[in-house]
Amino acid sequence: GAVVSQHPSWVICKSGTSVKIECRSLDFQATTMFWYRQFPKQSLMLMATSNEGSKATYEQGVEKDKFLINHASLTLSTLTVTSAHPEDSSFYICSAPDRSGYSNQPQHFGDGTRLSIL
Amino acid sequence: KQEVTQIPAALSVPEGENLVLNCSFTDSAIYNLQWFRQDPGKGLTSLLLIQSSQREQTSGRLNASLDKSSGRSTLYIAASQPGDSATYLCAVRLDNQGGKLIFGQGTELSVKP
């Protein structure tokens with residue numbers, strides 16, 4: 001079946017570092033991907049919608065200059081957390097619909113990236 | 001604004017028991033509802049997807065129902081097993097354009113042997 005691969009799975013870095021997270025659709029093309037953030041014991045909150053070949057759409061309250069999203073191909077979206085600080089420590093997870101624009105397909109999620117900023 | 005609520009937040013049951021997890025949403029204008037399982041520190045595994053026109057979906061010991069007019073969905077787990085222990089999330093999809101999901105807070109299930 002369709003698989004979404006996310007890398008890395010775990011990152012620990014110093015405050016001020018920029019961190020890039022990759023999300024790949026392995027056996028299907030995804031013109032749209034979604035980036036979510038999950039704090040401990042909380043649910044997933046949508047951060048942004050990544051659109052292939054165009055600018056990402058950010059949810060209210062999410063800083064576009066801090067969370068840079070690039071969707072340069074039909075199988076890859078990247079999220080870069082720029083100048084990360086301890087409050088950015090969270091679980092970041094991406095998803096892609098199996099066929100973009102069709103509501104009868106389930107969402108497929110990556111395994112997530114646990115980001116810890118010291 | 002669509003809000004999704006799951007009750008209870010946590011549930012502990014003995015092995016073999018049948019159980020029901022609840023999900024409610026405030027805006028009935030949804031395209032579908034999806035139930036997921038999340039193991040600690042892991043990503044999401046899709047369990048069941050119910051289209052807005054459907055009433056229920058079944059997969060093995062799992063049965064999910066949807067009552068769109070009342071804004072409710074339930075996930076029924078039959079003959080629970082310790083391996084069912086995880087957090088269960090429901091999420092609604094609002095539109096047919098791209099497919100962003102609104103998630104509930106989850107129910108943390110523990111099945112004791």
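So the protein sequences, as listed, match chains A and B. With the first letter of the first sequence counted as 1, position 7 gets the number 7 in the working numbering; the numbers rise by one all the way through. With the first letter of the second sequence counted as 1, position 48 gets the number 48 in the working numbering; the numbers rise by one all the way through. Just so it is clear, CB atoms sit at the ideal spot from N, CA and C, and this is done for glycine as well. These numbers come from a predicted model, not from an experiment.
Find out if the Cβ-Cβ distance for the pair B/Ser73, B/Leu66 is shorter than 9 Å.
By 1-based counting over the second sequence, the position of residue 73 of chain B is 73. By 1-based counting over the second sequence, the position of residue 66 of chain B is 66. Cβ atoms of B/Ser73 and B/Leu66: closer than 9 Å.
How far does the beta strand (DSSP E) with B/Leu89 in it extend, from its first residue to its last?
Residue mapping note: residue 89 of chain B aligns to position 89 of the second sequence, counting from 1. Residues 86–93.
B/Leu11: which of B/Ile102, B/Lys100, B/Phe103, B/Pro82 sits nearest, CA to CA?
To locate residue 11 of chain B, count along the second sequence from 1; it is residue 11. With distances taken between Cα atoms, B/Leu11 lies closest to B/Pro82.
Chain B residues whose Cβ lies nearer than 7 Å to that of A/Phe67
On the first sequence, position 67 is the one that residue 67 of chain A refers to. Within 7 Å Cβ-Cβ: nothing; A/Phe67 doesn't reach chain B, min ~16 Å.
Say whether the segment 79–95 of chain A touches the segment 103–114 of chain A, bearing in mind that this needs 3 or more beta-carbon pairs closer than 8 Å, one atom from each stretch.
yes
Separation of B/Cys23 from B/Leu75, as counted between CA atoms:
Reading the second sequence from its first residue, position 75 is the one you call residue 75 of chain B. Reading the second sequence from its first residue, position 23 is the one you call residue 23 of chain B. Their backbone Cα atoms lie some 8 Å apart in a straight line.
Do B/Ile30 and B/Lys68 have their C-beta atoms closer together than 9 Å?
Mapped onto the second sequence, residue 30 of chain B falls at position 30. Mapped onto the second sequence, residue 68 of chain B falls at position 68. Yes, the pair counts as a contact, with Cβ atoms nearer than the cut-off.
Under 7 Å by beta carbon: chain B residues contacting A/Pro97
Position 97 of the first sequence, counted from the first residue, corresponds to residue 97 of chain A. Residues of chain B passing the Cβ test: Gly99.
Hey, could you find the ends of the beta strand (DSSP E) A/Val62 is sitting in?
In the first sequence, residue 62 of chain A corresponds to position 62, counting from 1. Here A/Val62 belongs to no beta strand (DSSP E), and DSSP marks it neither H nor E.
Quick one: residues in its chain with C-beta nearer than 8 Å to the C-beta of A/Ser18, no 5 flanking neighbours on either side, listed in chain order?
Counted from its first residue, the first sequence places residue 18 of chain A at position 18. Taken in chain order, the residues that qualify are Thr80, Val81, Thr82, Ser83, Ala84.
Is B/Asp67 helix, strand or coil by DSSP?
Against the second sequence, residue 67 of chain B aligns to sequence position 67. Of the three classes helix, strand and coil, the one that applies to B/Asp67 here is strand, per DSSP.
Express the C-alpha separation of A/Ser90 and A/Leu115 in angstroms, rounding to a whole number.
The count along the first sequence starts at 1 and reaches residue 115 of chain A at position 115. The count along the first sequence starts at 1 and reaches residue 90 of chain A at position 90. Straight-line Cα distance between these residues: approximately 5 Å.
Count the other CB atoms, across all protein chains shown, that sit within 10 Å of the CB of B/Asn18; report buried if there are 16 or more and exposed otherwise.
Translated into positions along the second sequence, residue 18 of chain B becomes position 18. So B/Asn18 ends up on the exposed side.
With 16 as the cutoff for other CB atoms within 10 Å, does A/His7 come out buried or exposed?
One-based indexing of the first sequence puts residue 7 of chain A at position 7. Per the 10 Å Cβ criterion, exposed.
Who are the near neighbours of A/Thr57 in its chain, counting only those whose CB is closer than 8 Å to its CB and skipping five residues on each side?
Along the first sequence, read from residue 1 onward, the residue named residue 57 of chain A stands at position 57. Cβ neighbours of A/Thr57 beyond the five flanking positions: Ala48, Thr49, Asn51.
Going along chain B, which residues have a C-beta under 7 Å from A/Asp111?
On the first sequence, residue 111 of chain A is found 111 positions in, with the first residue counted as 1. What A/Asp111 touches in chain B: Lys42, Gly43.
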